[in-house]
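If you read the sequence shown in numbering that gives the first Met the number 0, its first letter stands for residue 0, the second for the next number, and so on. Idealized CB from N, CA, C, for every residue including glycine.
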Amino acid sequence: MWFDKIVNLQTLPTELEKLFVDNGWKRDLFFRIRRETSKFIDVRLFESTGSDLERRRFGFAVAYDTADSDFADSRYVATESRLGDFGVGDGKKTNFIIPTSPIIASSLSVYINSIYQEKNTYTVDGRTGLIKFNTPVAKGARVTGEYRLANDAYEPTNDIIFFTYTRYFIEKEVKMSDQDADLGNGNGTKTAFKLPYPDFDESRFAVYKNGTILDANNYTFTGDTIIFKVAPASADNIKIAGTRLLESSNGSDVTEILPAKTQFTVQSTNSVLAEIFTSINFVNASPYTVLSLTPEQRFTKDWKRDSVVYMYGNAHKDRVVMFMRIDPTPSPVRALFVPLYIGRMYTFDNKPQKNLIIMGGCRSGEEFSNSTKKIGNANMDYGENTSGGNLTPVLSQSLTGSMYQQHYLAFITHNADIDSGQGRFNPSMYSGKYHLSQIYIVHPNDGYVGKLDDVYAVHPKNIQQADELEIEKTVTDEVIGKGDGTKKIFHLEHKPKENTLNLFMDCKEVPKTDYDYNAEDKTVTFKEYPGGEILANYQMAQLYRYTLPTTAVSPFTSKFSPFNPIGLAIYKEDI
């Protein structure tokens with residue numbers, strides 16, 4: 000599905016989360032790590048079951064220090080700000096949401112049509128940003144406000160860190176010296192003692208009586224209770240120690256803020272990930288891929304917390320391909336066009352064990368180096384060609400089992416030397432058209448692996464950012480797969496025009512009643528397991544939007560690209 004959104008810099012992480020969730024990716028978990036009083040790391044993890052029935056997972060993290068802002072505003076939001084606009088009344092509703100939270104509730108001043116509202120005319124929840132008026136706001140009346148952000152409210156950062164993984168486990172240690180480890184004293188008859196949490200790992204759990212560890216034969220562990228075989232006396236103090244398993248798989252939050260285990264620095268990607276990978280166990284964590292909105296490490300005075308960020312692209316449950324750009328008004332060159340591709344690529348007869356590609360654009364010096372062998376408790380050494388997704392495409396796991404290996408782009412191009420000076424290359428004088436190529440993912444040993452879904456390579460000549468291209472094609476004898484008696488789902492390369500799709504198997508046309516076609520993910524699902532080679536004929540006519548990445552580092556702007564830089568045309572809509 001195509002999206003084109005304008006959001007605030009202050010709310011960018013939550014808007015990204017909403018974008019992914021709205022397009023088929025379940026938010027598996029949100030957790031926050033805190034160091035001292037002002038340093039935080041917010042981590043969001045996502046999961047999707049794709050149209051090919053493969054489960055894909057990725058996460059992104061932002062690190063910030065609320066005591067060290069890039070903006071000289073004392074974390075104060077004015078009524079004139081986009082963040083100070085709470086909405087317009089309709090004569091019925093009483094509830095309004097502050098665009099960002101948490102806030103300091105006592106700092107809030109509310110206005111209706113610029114008239115101050117007494118605090119006894121409404122209530123506010125500073126944690127959620129919910130304002131409830133005692134009476135409905137008149138139709139057409141604008142509600143605004145000014146306030147200060149709470150100490151733990153997000154502080155915008157220039158870098159967003161993406162990674163993928165196989166699984167995660169969250170653990171938290173409870174020490175005998177902790178207040179919640181003290182279960183109290185016995186009374187001579189009481190045998191059951193309720194545990195403070197129901198999620199202790201029994202294999203890493205201990206019970207103490209008067210400071211001395213007890214043998215496990217003296218009690219029974221039931222998950223949320225320990226039951227003594229002999230009731231402790233009134234003089235016996237019972238304490239516990241152990242490791243909690245806080246794993247969540249229901250889209251919930253870890254409500255407790257995790258205390259930092261390292262002295263992480265918010266401006267260092269390696270340091271931030273070291274803390275994440277120390278606080279939580281990630282199985283097969285990937286090297287990182289960073290997105291940077293500007294060329295500098297931190298925001299300069301050109302931008303504010305309510306600066307707009309443009310987000311556009313195409314997303315569904317298989318993959319996300321998009322661009323972001325911060326407000327270009329103060330500095331068009333330094334407001335980077337930031338690419339991101341994450342998820343499934345179109346593959347051939349055989350697909351990778353984990354068909355998930357990550358590519359992104361970042362500022363110079365922020366890319367992963369394969370000299371990094373470990374970050375926190377996570378291994379980063381997957382061989383001499385280990386890669387993050389900033390310099391080259393990174394594939395989660397190949398057909399033969401290797402993980403996070405350096406791959407390369409391949410597309411039809413020409414020698415860059417002939418595309419210099421005032422020479423006119425595109426469109427062709429002979430056809431009057433731009434001649435585009437799909438973008439393949441290749442590996443020196445494995446050859447052609449697949450190609451990016453709904454993306455074309457466009458040479459950046461005689462074309463402007465956000466120009467739109469019409470692509471029309473009559474597709475004949477497209478091999479969409481071979482039926483082997485175990486597979487019913489097959490993918491088309493493009494979305495066919497309505498009523499133009501015809502399938503053939505063993506040179507015979509397949510009746511349309513024998514399969515279902517899903518236009519959203521371009522899948523053909525047979526009602527019975529097919530046997531034989533399956534071909535597709537159809538017509539396509541689509542509109543694509545062109546964007547040239549401008550980050551210093553990305554697979555599309557690095558020396559590894561066959562043509563550097565190369566623009567991308569992303570599928571927008573049918574024509």
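Checklist line | the region 514-529 / the region 546-561 touching (three or more Cβ pairs under 8 Å) | finding: no
Item checked: Where M402 falls, given that 16 or more other Cβ within 10 Å makes a residue buried -> buried
Margin query: Among the candidates I565, A535, K558, C361, whose CA atom is the shortest distance from the CA of N157?
Written below: C361
Notebook entry, point to check: Looking only at DSSP bridge pairs, what is T48 linked to?
Noted result: R54
Next item on the list: Use the C-beta contact count for M358: other C-beta atoms within 10 angstroms, 16 or more gives buried, fewer gives exposed.
Entry: buried
Check: Excluding the five sequence neighbours on either side, which residues of its own chain have a C-beta within less than 7 Å of the C-beta of F220, listed in chain order?
Finding: E201, F204
Notebook entry, point to check: Can I32 and E274 be called in contact, C-beta distance under 7 Å?
Noted result: yes
Check: How about the region 17-29 and the region 37-47: do they share at least three Cβ pairs that are nearer than 8 Å?
Finding: yes
Check: In or out: E117 buried (at least 16 other Cβ within 10 Å) or exposed?
Finding: exposed
Notebook entry, point to check: If you check the beta carbons only, do S653 and N269 fall under 7 Å apart?
Noted result: Because the chain is modelled from 0 through 574, residue 653 falls outside the range shown and cannot be assessed.
Next item on the list: Buried or exposed for V332, please, with buried defined as at least 16 other CB atoms from any protein chain shown within 10 angstroms of its CB.
Entry: exposed
Notebook entry, point to check: Among F57, S37, G49, T36, which one has its Cα closest to the Cα of L15?
Noted result: F57
Checklist line | Classification of S73 by the beta-carbon crowding that lies within 10 angstroms, buried from 16 upward | finding: exposed
Note to self: Looking at the strands, I want to know which residues DSSP matches up with I325.
What the structure shows: V308
Next item on the list: Compute the Euclidean distance between the alpha carbons of Y537 and A334, then round it to the nearest angstrom.
Entry: 41 Å
Check: Cα-Cα, which of Y311, S363, I130 is closest to S291?
Finding: S363
Note to self: Whole angstroms are fine: how far does the CA of R304 sit from the CA of L8?
What the structure shows: 6 Å
Notebook entry, point to check: Do you know whose CA, among I160, D181, E572, lies nearest E467's CA?
Noted result: E572
Check: So what's V337 in DSSP terms, helix, strand or just coil?
Finding: strand
Notebook entry, point to check: Between G86 and F95, which are expected to be in contact by the criterion C-beta below 8 Å, what is the C-beta distance as a whole number of angstroms?
Noted result: 5 Å
Check: What does H442 pair with, by DSSP beta-bridge criteria?
Finding: G446
Next item on the list: Below 6 Å CB to CB, which residues in the same chain sit around V307 once its five sequence neighbours on both sides are set aside?
Entry: I5, D326
Checklist line | Other residues of its chain near K353: CB distance less than 6 Å, five sequence neighbours each side excluded | finding: S395, Q396
Next item on the list: Answer yes if the region 235-245 comes into contact with the region 178-192, meaning at least three C-beta pairs across the two stretches below 8 Å, and no otherwise.
Entry: yes
Next item on the list: Return helix, strand or coil for Q178, following the three-state DSSP convention.
Entry: helix
Margin query: For N217 and V229, what's the separation of their Cα atoms in angstroms?
Written below: 8 Å
Check: Is the region 163-171 touching the region 276-291, taking contact as three or more C-beta pairs under 8 Å?
Finding: yes
Notebook entry, point to check: Beta carbon of L534, beta carbon of D476: below 7 Å?
Noted result: yes
Checklist line | Per-residue DSSP class, three states only, for K372 | finding: coil
Note to self: Is the separation between the beta-carbon of N376 and that of F276 shorter than 7 Å?
What the structure shows: yes
Notebook entry, point to check: So what does DSSP say about I103, is it helix, strand or coil?
Noted result: coil
Margin query: Pull the bridge partners of E471 from the DSSP assignment, please.
Written below: A540
Next item on the list: Look up R81 in the DSSP assignment and say whether it is helix, strand or coil.
Entry: helix
Notebook entry, point to check: Run through DSSP, which three-state label would K526 get?
Noted result: coil
Notebook entry, point to check: Counting along the chain, where does the beta strand (DSSP E) carrying K353 start and finish?
Noted result: 353-359
Check: Assuming R55 contacts G342 under a Cβ cut-off of 8 Å, what Cβ separation, rounded to an integer in Å, is found between them?
Finding: 6 Å
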